[in-house]
Each structure stands twice: as structure tokens, then as C-alpha cells.
Amino acid sequence: MNYFKQIYYEMKHQRMMTWVSIGGTALAIFLVMAFIMADRINTVEVAPESNRARILQATGLHIIEEKNEGSTWGLNYKLLDRLYGNLDGIEMVCYQYAFDEPSDVNVKNGEILSMPSKKVDANYWNIYDFSFIDGRPFDEAEAASSKVVVLSRSLARALFGEEKVAGREIEVNAYSYRVIGVVEDVNPLLRSTNSKLYIPYNPAGKNERDEYFGSSMMTLLMKPGVSAESVKAQVEKRYEMLQSDLSKDNKRVVYHGQPYTTEEVGEGGYGSNNGPDIEQSRLLDYIVYGIIILLPAINLSSMTRSRLRHRVSEIGVRRAFGAKRSAIIRQILGENLIITMVGGLIGMVVSIIFMYLMFDVFFNSGSIFGASSLEEAQARPDMGMLMTWQNFTVAFIICFILNLLSAFVPAWKASKVEPAVAISRAH
């Protein structure tokens, strides 16, 4: 309670200094949290990608032939199974078409709409937790025996003017399909699940480019507690076995650390001849965060010292009556922490509002090549992607660090002042 009384006293008698301290803290937290939340968009676990921490993706193959650098492409279905099938620690896998392409969609004799589509197998619906508003997902038997499709809510409305359309017929690329389910629209920032229609995919029935390259990729769901490193170690050994086969034709396969984690996919590993460098990316992030925290901490430290100059007599009297230096330091740190938390809360709220309203203006979304559509380029995060307990925990930790950096040295110096000197300075 004494902390709050002292802060109220300071706000009453040192309004400018106190509010400048709160404002400086709010600005620092706002800048740091804006960058952190932008980075976490690629890893935050929200429906339908609630299992992001357990998801891995095998997206391509890089083979170097004699006299050229080779290329990266989707994988042949059989090779995909050879490299990533039946791995220890994997709960299930999903085969997908490696390239998201638009499809022409229409009701019979209706206007043709070009819409983004995904081709996936039945396990896709078990790995990701979509919310169905009508119908259900297709299973393996339905996908193999008939042409069925799942629509997004917005596409169902565009085609039929309503959402309850399970059982209705549409045409996709001039072929007749039966709508089996309708799902809630997915935020375009969730690139693994965002689409307008989901078409069954059978990789075994595809015409492959050759025995190595094809049009397939794989999504793997790890069992709880399994690390990505243990899975990658198994895959690397399989790449070594593949290399022994390729050496006969003077070819070399390059292992880029696949399958990629969600964080690595967000860094742009897909579609590049070079794998993502997560360590370098994290180092740059930490440097930026450190600078953003350190610069205001220096200024806030000066303000804290200025505030404490008005309390030298109080500190002197407390020291004269036997107060320990450690108690004075704790008192000052506690008071400053409350001020820091107030500024931090303001900064956190402002950063959430800023990210919600201005994300598409200041931050680029998409793969290494940028956003893949206008919708994705203009996408903004949902509140559920910003207001997470992880973000609030990070904000609290940053407030605590900022408090130590800005207040410990002034508090330590103030506690060293001798009682007689402190009282004489006050007069």
C-alpha cells in the first residue's frame, strides 16, 4: 500500500516527470511488442492451426546435377514416402499438392469465379481443427470414390447466397463436384490452412515429373513431447541413403534441414535453394529488441534519478532511523515497477490496436517471395492471434527488465547517501 501512496504523492507533486516516465515505458513496450507480435504471427497457435508447435512440413527437394546448380521442386510421391514415411515420433501425415493454384468455380450456368484452392488428403482434417458450419470433411473412401469438395463460408455465400449448402453441386475447373462441407473462413495470414475450397488429393494417381521430382508435399504431425530435431535426424540419415543412389548418376542431393518447423516455414524455406537460417534471424531479432529496450532504459534511468533528488531528505531520515540500504532499494524498485507496469499496460494495449489496424501497412506477410495474393497482402491478424498469454508474459518480463535497467542504479546510489548528507542537501 505504501508503494501506491508514494506513487500518488509523486504524481501529485511531480506530474510531468511521472507521466514522462510512464510515456517512455509505454513507447518502449509498444515498439518491442509490435515487433514480437509480428514475428509470432508465424508461430502463434490459433484455430485451425492449433497444433503449430507439433507440425512439420516437407516441401521440396534440391538435387544438383553435373555442371549446374540444380533446382528445388516438389517431390515424387514414392520418394516423399521413402524420405518421410513411417518416422518414429510421427502421429500422422498428410499428402498435399505442393502448389496452391486458383481454380475456376461456378454453379451450373453461373458466373465463373477464380478462387484459391488447396488439394489435400483426408488426414488434413485431423491435423488441422477447422470449424464446420455445415456438413463435414471428406474421408479417404469419399475422396477416392467421388468428386467432393469443402467450401469456405465466403465462397458458399458467393455461389449460393447462403452457407447451408452441403449436398449441392458445383463445377470446379469444368468438372462436377458435390459440396460435402462448409468451413469458417480462415485468416489469410494462416497460409497452411487459408483457402476458398479444399479438393481431395490422391498423390499416387499423379503423373510425376521423374523418379525424384513431382507435385507433392507432406505435412507431419509429431506426437506430444517429440522434438523436431529427433525427426530431422532420422530424415537426414534417409537423405544419406538417397545420396548413395544419386552418386551413380553424378548427382548430389542437398539436405536443407527438412522437414521444416512452422517457424522455419515462416522464415521462407519453401521454394528456395537455401534452407531458412533461424539462428541468424533470432540473433537479429534479439539485437533489435535489446536496442529498443536499452535506449529508453537509459533515459528512464535519468528521470528516476531526477525524481529521487526530491526525496533525499526522506531517504536520509529513514537511514537515520536504521533502515537498511537493501530495504530502500526494494522500496524504490517496487515503486518504479508499478510505474513501469502502468506504462507497459498502456504500451501493450496500443501495440495490439496498432497491429490490428495497421499490420498490413508496416509488415510484410507471405513466403520468401512476399504475399501470394492481394487478400494476403492486405490481411490483418485476428484479436485471438494478438491477445495471447505468451504475449502478455513477454510484456511483463520486458517491464521487469526495463524496471531493473532504469531504476536499480539510481536506487543503489540513493541508498548509499549518508543520513546527515541527505538531510543537509534537502535544506
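Mapping of the sequence shown onto our numbering: residues 15 to 441, in sequence order.
All C-beta atoms in this analysis are idealised placements derived from N, C-alpha and C, irrespective of residue type, glycine included.
Collapsed DSSP secondary structure at residue i in the structure displayed
i: F383; result: Confidence at F383 is low in this model, with a pLDDT of 38, below 50, so the placement of that residue is unreliable and no value is reported for it.
i: A421; result: helix
i: R205; result: coil
i: F113; result: coil
i: L297; result: helix
i: P217; result: helix
i: E101; result: The residue you asked about is not Glu; residue 101 is Leu in the sequence shown. Reduced to three states, the DSSP call for L101 is coil.
i: T57; result: coil
i: Y284; result: Low confidence applies here, because Y284 scores a pLDDT of 47, under 50, leaving its location unreliable; read the following figure in that light. DSSP places Y284 in coil when its eight states are reduced to three.
i: K427; result: helix
i: E328; result: helix
i: E349; result: helix
i: E432; result: coil
i: Q272; result: coil
i: F335; result: coil
i: N123; result: coil
i: Q404; result: helix
Where the alpha helix (DSSP H) containing residue i begins and where it ends
i: S35; result: R29 to R54
i: V245; result: A242 to L260
i: Y91; result: Y91 to Y98
i: T276; result: T276 to E281
Outcome for residue i when other beta-carbon atoms lying within 10 angstroms are tallied against a minimum of 16
i: L347; result: buried
i: I213; result: buried
i: Q110; result: buried
i: K427; result: exposed
i: F152; result: buried
i: L234; result: buried
i: G195; result: buried
i: V423; result: exposed
i: E6; result: The displayed coordinates of the chain run from 15 to 441. Any statement about residue 6 would go beyond what the structure contains.
i: M397; result: exposed
i: K178; result: exposed
i: K338; result: exposed
i: A421; result: buried
i: G344; result: First, the amino acid is wrong: residue 344 is Arg here, not Gly. Flag for R344 reads exposed.
i: M362; result: buried
i: W33; result: exposed
i: Q392; result: exposed
i: Y284; result: Reliability of the predicted coordinates at Y284 is poor, the pLDDT of 47 falling under 50, and the value obtained from them is presented with this limitation in mind. That one is buried.
i: G384; result: Confidence at G384 is low in this model, with a pLDDT of 43, below 50, so the placement of that residue is unreliable and no value is reported for it.
i: K122; result: exposed
i: G124; result: exposed
Residues bridged to residue i [DSSP beta-bridge criterion]
i: G398; result: None, per the DSSP bridge assignment.
i: C108; result: T233
i: D118; result: S128
i: V196; result: D148 and L165
i: Y63; result: Checking the sequence, you will find Glu at residue 63 rather than Tyr. Answer is V60, bridged to E63.
i: W87; result: L75
i: Y212; result: K132 and V164
For residue i, the first and last residue of its enclosing beta strand (DSSP E)
i: A72; result: I69 to A72
i: R266; result: R266 to V268
i: Y226; result: It is not in any beta strand (DSSP E) - Y226 carries neither H nor E in the DSSP assignment.
In the region 125-194, which residue ranges form an unbroken alpha helix (DSSP H) of at least 4 residues, counting only runs that do not cross its ends? The qualifying runs are 138-141, 154-159 and 167-174.
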